[in-house]
Amino acid sequence: MDWKKIKKIDGHMHLLPPESLKLKKQYEPETWGHADVEEFLDIMKEYNVEKSIVVPINEGGTYYWDANKTNEWLGNLMKNYPNKFIAFADVLSSGGYFYDMGPWWLEKAVKEYGLRGIKLHPSNLGIYIDSLDMVPVIRKAADLNIPIMIHSYPSGYQQYDLCEPARIQNITKMFPDATFIISHMGGHRWIDALGGCEYVDISTFLPELVNLYGIEQANRVLRNFGVDRLIFATDYPQVRFCKTENIYERYCDILNQMDFTEEEAEKIAYKNIEKVLSIKNSK
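So this is what it looks like as structure tokens:
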């Protein structure tokens, strides 16, 4: 199985609107400066990435300080490239207004802009994932029948981990009718993500996992999650232990050394995320 040639859907990556991209090219040129739509389309072609899921990070300094404006831009991205990009909705922390604004932003994003899921980044929102503050927006996502992607990787600047897998399990138990995707495999707490965290994407953490344990043990870790739960994803343009220009080459090289059959690789590469999003005959 050649992972460079196999059809793929990148289930978790980032692109930026022009205003933000201009600043990132100046101040973070080696990473976020590459979050350029046209540049990324060339990468998709080279690595047979047929579609990509573009997700925000719940942080206005990187996108817009108005979640509705970010969602509108993401919706236009989907309209301009209907066969290439699928986008998830943004929300921002607004103090006590999060209860009201989160569900409102989300419903408008789905019904008016055509977005297909929601991304929750508890660390950037400053809200524990199992806090009651999260309940209204997650309830709205479940009612809209869209997947909920949750960042799960500790942020070093916070005393407590707002998005650890154990907390995510608390919220998934509250919403058995919702579909959850746990990003980054839970990071270094991947063991806690093995049970009760439904789908997991392998974005950003896979190269680090290999650096920590080697290919064989990393292979076992992915096997423990099970091929029916794994979603191919990178977190482009910023991946730990990878230069931006080498992200896809590194991911393909790692996965080529693992023991997945062709059928299993296809599930990870695109079929699982197609199932989550009810995509049929993607082209």
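Positions in the sequence shown are counted from 1; adding 1435 to them yields my numbering. Cβ atoms here follow ideal geometry from the backbone N, Cα and C, with glycine treated the same way.
- Distance from residue 1526 to residue 1492 at the Cβ level is roughly 11 Å; contact not present, criterion being Cβ atoms closer than 8 Å.
- Where residue 1576 is concerned, the enclosing alpha helix (DSSP H) starts and stops at 1570-1579.
- The Cβ atoms of residue 1503 and residue 1443 do not sit closer than 9 Å to each other.
- In this structure residue 1457 is exposed. Its beta-carbon is surrounded by fewer than 16 other beta-carbon atoms within 10 angstroms.
- Taken through DSSP and simplified to helix, strand or coil, residue 1657 comes out as helix.
- Going by beta carbons, residue 1447 and residue 1603 fall outside the 9 Å limit.
- Each residue's CA atom was taken as its position, placing residue 1651 and residue 1691 some 12 Å apart.
- For residue 1676, the closest alpha carbon among the candidates 1646, 1703, 1684 and 1661 is that of 1646.
- For residue 1536, the closest of 1566, 1445, 1497 and 1571 by C-alpha to C-alpha distance is 1571.
- Taking a contact as a CB-CB distance under 8 Å, the pair residue 1582 and residue 1712 counts as one, their CB atoms being some 7 Å apart.
- At least 9 Å separates the beta-carbon of residue 1539 from that of residue 1506.
- Collapsing the DSSP output to three states places residue 1584 in a strand.
- Secondary-structure assignment with DSSP links residue 1636 through a beta bridge to 1666.
- By the 16-neighbour rule on beta-carbons within 10 angstroms, residue 1698 is exposed.
- For residue 1485, the enclosing beta strand (DSSP E) begins and ends at 1484-1489.
- A check of alpha carbon separations from residue 1688 across 1453, 1562, 1654 and 1601 identifies 1654 as the nearest.
- Rounded to the nearest angstrom, the Cβ distance from residue 1639 to residue 1465 is 16 Å, too far for a contact under 8 Å.
- With a 10 Å radius around the Cβ and a threshold of 16 neighbouring Cβ atoms, residue 1681 comes out exposed.
- Taking the C-beta atoms as reference points, residue 1485 is found nearer than 9 Å to residue 1519.
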